[in-house]
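To start, the structure itself, in structure tokens.
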Amino acid sequence: MSLEVRIKKRFSSFTLDVDFTAKDETLGFLGASGCGKSLTLRCIAGVETPDEGRIVVNGRVFFDSEAGVNLSPQQRKTGLLFQNYMLFPNLTVAENVAAGLGRDVSKERMKELVAAELKRFGLEGFGDRYPAQLSGGQQQRVALARMLAAKPDVLMLDEPFSALDAHLRGVLEQSMAGVFASFEGTVLYVSHDIDEALRFCDRVAVVESGRIVETVSGDELVTNPKTAAGLKLSGCKNVTPAVKLDEHGVWLPKWGVSLEVEGGVPDDMTSCGVRARFIERAEGPGLNCFRMRVDRVSDSRFERTLLLGFVDRDDRDAPAVEANEDEMKYLHQHLIWRVSKPMGSTDEVSALPERGDELWMYIPPHRVHLVK
Amino acid sequence: MLAELVAFMGTVDLSPLWVTLKTTGTAIVIVVVLGLAAAYFSLKMPERIQDLADSLFTIPMVLPPTVCGFLLLLLLGRNSPVGQWFIDIGFPLVFSWPATVIAATVVAFPLMYRSARGAFEGIDRNMLDAARTLGWSEPKIFVRLMMPLAWSSIAAGTVLAFARALGEFGATLFLAGNYLGVTRTIPIAIYFEWMNGNVEAALFWTCVILIFSFAVILLVNRLGRRATEYRGGRTKSHGVKKVA
Chain F
24 MSLEVRIKKR FSSFTLDVDF TAKDETLGFL GASGCGKSLT LRCIAGVETP
74 DEGRIVVNGR VFFDSEAGVN LSPQQRKTGL LFQNYMLFPN LTVAENVAAG
124 LGRDVSKERM KELVAAELKR FGLEGFGDRY PAQLSGGQQQ RVALARMLAA
174 KPDVLMLDEP FSALDAHLRG VLEQSMAGVF ASFEGTVLYV SHDIDEALRF
224 CDRVAVVESG RIVETVSGDE LVTNPKTAAG LKLSGCKNVT PAVKLDEHGV
274 WLPKWGVSLE VEGGVPDDMT SCGVRARFIE RAEGPGLNCF RMRVDRVSDS
324 RFERTLLLGF VDRDDRDAPA VEANEDEMKY LHQHLIWRVS KPMGSTDEVS
374 ALPERGDELW MYIPPHRVHL VK
Chain S
49 MLAELVAFMG TVDLSPLWVT LKTTGTAIVI VVVLGLAAAY FSLKMPERIQ
99 DLADSLFTIP MVLPPTVCGF LLLLLLGRNS PVGQWFIDIG FPLVFSWPAT
149 VIAATVVAFP LMYRSARGAF EGIDRNMLDA ARTLGWSEPK IFVRLMMPLA
199 WSSIAAGTVL AFARALGEFG ATLFLAGNYL GVTRTIPIAI YFEWMNGNVE
249 AALFWTCVIL IFSFAVILLV NRLGRRATEY RGGRTKSHGV KKVA
């Protein structure tokens, strides 16, 4: 079981140029929208044709521009789950699930297979309904059942959870993990969410403007990202351009401060990042300690997010801007800090920093990521 | 009153009704087939050719029917090579019954084509791609997916094309003339009866057209509703299709 993809496709303002191999595993594609991850799946499925390259699945050549091979999507019969599932609205659930079964399957066998898939996905009794009569989660399960009933060689899922409400995801994520575990073959999983990628994928390929910039395990991406795209996609909120000062120091023009880092500064690094959770309170001035002002505060259930501005910033590269002047520039000059809310005690919650407070903050040198 | 009506019916030659039914019926079948085919294939063409084809397919809708009729006469008449060829093989086209079909087809075709094309364009391309990855052939996608999803628009297009073919006057008169029992359709009958002072006959044909048009539109609308019940909830479910 293997997948080998090396394709190029040019558009007027964008070029897709990806090259990867995958074995019997779940490979995630992590990237911002429009970076080419869905396009890659469409090229493998055959509904989009690359300009050049080669696609081989389990030893079968799907596409080879040099040899002039280009199998039709029907011949490839890959399992592609679309973002909005693309169930056929004019067919019942049972007919949808049976849609990928070939003519060689007898009527009785087809009934058995459909019943088995419906049972597996908890859809018994829904066979006669139309997709419009189902909830989003049920629709997703019908789409999975339809895809798996067709017995594809490779599974490809394009942001399968993006069309679902957050509260529906929990259980469905579990059943999805079960599907991947029982599938023998390559699974490609497109997402822009690091937690989804960590949950489902053995390896993660970070895609940025049509290219794969790094391919690593999910944990590796979180602890040791190599690229700015990887760092941002791994959920790091504070990523800013950086300039090398010396072996242990970098200058951050947008923040207007310099930082000490651990383990040496590589010559080719261009950005620096620190996770919102790893910033600490400090008593007063010191190494990597900064006087900061809380400019915005927002709460979620278990944590408080604070937008911190550097009080003693050096304006030589970027003069400080106000929020109503240029919101994006304003945000880029700020640091995001996340603290857990103490549970069960409103007194302790009210002890958390508020808007307008001035604090000393410490950025631990070993928490600073330097990336290309 | 009743006796008068019976006496009147005795004097009316009903042949325009049969000519109209035959002409409209034949034309609508041709229009539906050609319109769907043109819509389907025009969407598969490269974009530049698509615009050209679209203009060509739509122009009979924009032109005055007399212009259509005149152009058809120039193209198919006795003095043209095409018309001469048909005369040579023993099927003179102009001023014959087939001419009424040609005239009705040409003017009604754009309505069908435009409705079908709009409906096909409205189908999510990803839906068709999903069918392809499941191994569905292109003809199966057309029959099982595109047609049912586009059905209400296709029905609407059929009604419009039918109405246009039924009421065709200008192009028919040019190309087919006014031969009783051969090319005299109801619209032409209405005009000539009125010109000859037979107001009752003109009124009679007008009523026939009114009732007939109304009945056909009603029928197609009901069929359209039945076929789109899967959209769920919005229509009363009389006879929901059950599939095991």
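Line by line, the protein sequences are chains F and S.
Whatever position you read off the first sequence (first residue = 1), add 23 for my numbering.
Whatever position you read off the second sequence (first residue = 1), add 48 for my numbering.
For each residue, glycine too, the CB sits at the ideal point set by N, CA and C.
What does residue i touch in chain F if you count any residue whose Cβ is under 9 Å from its own?
i: residue 273/S; result: The contacting residues do not exist; residue 273/S stays about 14 Å from chain F at best.
i: residue 197/S; result: 111, 112 and 113
i: residue 84/S; result: Neighbours of residue 84/S on chain F: none; closest Cβ ~17 Å, over 9 Å.
i: residue 341/S; result: Absent from the structure is residue 341/S, since the part of chain S shown begins at 49 and ends at 292.
Using a cut-off of 9 Å between C-beta atoms, extract the partners of residue i located in chain S.
i: residue 51/F; result: Correct list: empty, because the minimum Cβ distance to chain S is about 20 Å.
i: residue 123/F; result: 181, 182, 183 and 184
i: residue 163/F; result: The premise fails here: residue 163/F is roughly 14 Å from chain S at the closest Cβ pair, so nothing lies under 9 Å.
i: residue 173/F; result: 181, 182 and 183
Taking only heavy atoms of the ligand FMN into account, decide whether any of them is closer than 7 Å to the Cβ of residue i.
i: residue 268/S; result: Ligands displayed in this structure: none; no statement on the ligand FMN is therefore possible.
Along chain S, which residues have their Cβ under 8 Å away from the Cβ of residue i?
i: residue 139/F; result: Chain S residues near residue 139/F: none, gap ~16 Å exceeds 8 Å.
i: residue 70/F; result: 177, 180 and 181
i: residue 101/F; result: 181
i: residue 356/F; result: Correct list: empty, because the minimum Cβ distance to chain S is about 41 Å.
i: residue 73/F; result: None at all; the shortest Cβ gap to chain S is about 16 Å.
Would you mind giving the Cβ-Cβ distance between residue i and residue j, rounded to the nearest angstrom? I have them listed as a contact below 8 Å.
i: residue 148/S; j: residue 254/S; result: Going by Cβ atoms, the distance from residue 148/S to residue 254/S rounds to 19 Å, so no, they are not a contact pair.
i: residue 167/S; j: residue 198/S; result: 3 Å
i: residue 184/F; j: residue 200/F; result: Residue 184/F to residue 200/F, Cβ: 12 Å. No contact.
i: residue 395/F; j: residue 251/F; result: 7 Å
i: residue 47/F; j: residue 293/F; result: No, residue 47/F and residue 293/F are not in contact; Cβ-Cβ is about 36 Å, not under 8 Å.
i: residue 161/S; j: residue 75/S; result: The pair is not a contact, with the Cβ atoms about 14 Å apart (cut-off 8 Å).
i: residue 203/S; j: residue 268/S; result: 5 Å
i: residue 105/F; j: residue 94/F; result: Contact flag wrong, Cβ pair sits at about 20 Å.
Tell me the DSSP bridge mates of residue i?
i: residue 180/F; result: 104/F and 212/F
i: residue 84/F; result: 79/F
i: residue 231/F; result: 234/F
i: residue 31/F; result: 40/F and 75/F
i: residue 264/F; result: 294/F
i: residue 240/S; result: Per DSSP, none; premise fails for residue 240/S.
i: residue 45/F; result: 26/F
i: residue 381/F; result: 316/F
i: residue 51/F; result: 212/F and 227/F
i: residue 129/F; result: Paired residue(s): none; residue 129/F is not in a bridge.
Which residues in chain F have a C-beta closer than 7 Å to the C-beta of residue i? List them in chain order.
i: residue 96/S; result: Those within 7 Å of residue 96/S in chain F number zero; the least Cβ separation is about 16 Å.
i: residue 278/S; result: 112, 113, 153 and 155
i: residue 193/S; result: 111
Within 10 angstroms of the Cβ of residue i, are there 16 or more other Cβ atoms? Answer buried if so, exposed if not.
i: residue 224/S; result: buried
i: residue 278/F; result: buried
i: residue 130/F; result: exposed
i: residue 53/F; result: buried
i: residue 281/S; result: With a pLDDT of only 47 at residue 281/S, under the threshold of 50, the placement of this residue in the model should not be trusted; the figure read from the coordinates follows. So residue 281/S counts as exposed.
i: residue 180/F; result: buried
i: residue 32/F; result: buried
i: residue 286/S; result: With a pLDDT of 41 at residue 286/S, under the threshold of 50, the modelled position of that residue is not reliable, and the figure given next carries that caveat. Classification for residue 286/S: exposed.
i: residue 197/F; result: exposed
i: residue 206/S; result: buried
i: residue 53/S; result: exposed
i: residue 170/S; result: exposed
i: residue 34/F; result: exposed
i: residue 108/S; result: buried
i: residue 126/F; result: exposed
i: residue 66/S; result: exposed
i: residue 39/F; result: buried
i: residue 287/F; result: exposed
i: residue 99/F; result: buried
i: residue 114/S; result: exposed
i: residue 237/F; result: buried
i: residue 360/F; result: buried
i: residue 378/F; result: exposed
i: residue 103/F; result: buried
i: residue 194/F; result: exposed
i: residue 289/S; result: Note that residue 289/S scores 41 on pLDDT, short of 50, meaning its location in the model is unreliable and no value can be drawn from it.
i: residue 144/F; result: buried
For a contact defined as C-beta to C-beta under 7 Å, what are the partners of residue i on chain S?
i: residue 105/F; result: 174 and 178
i: residue 197/F; result: Here the premise fails: no neighbours, minimum Cβ distance about 25 Å.
i: residue 183/F; result: Near residue 183/F there are no residues of chain S at all, since even the closest Cβ is about 13 Å away, more than 7 Å.
So residue i contacts chain F; which residues on that side make the cut at Cβ distance below 8 Å?
i: residue 91/S; result: Per Cβ cutoff of 8 Å: no residues; residue 91/S is ~15 Å from chain F at best.
Item to check | Secondary structure, alpha helix (DSSP H): runs of 4+ residues fully inside the stretch 175-207 of chain S | outcome: 186-189
Item to check | Segments assigned beta strand (DSSP E), at least 3 residues, entirely inside the stretch 315-373 of chain F | outcome: 326-333 and 357-363
Checklist entry - In chain order, which alpha helix (DSSP H) runs of at least 4 residues are fully inside the stretch 100-154 of chain S? => result 113-124 and 129-136
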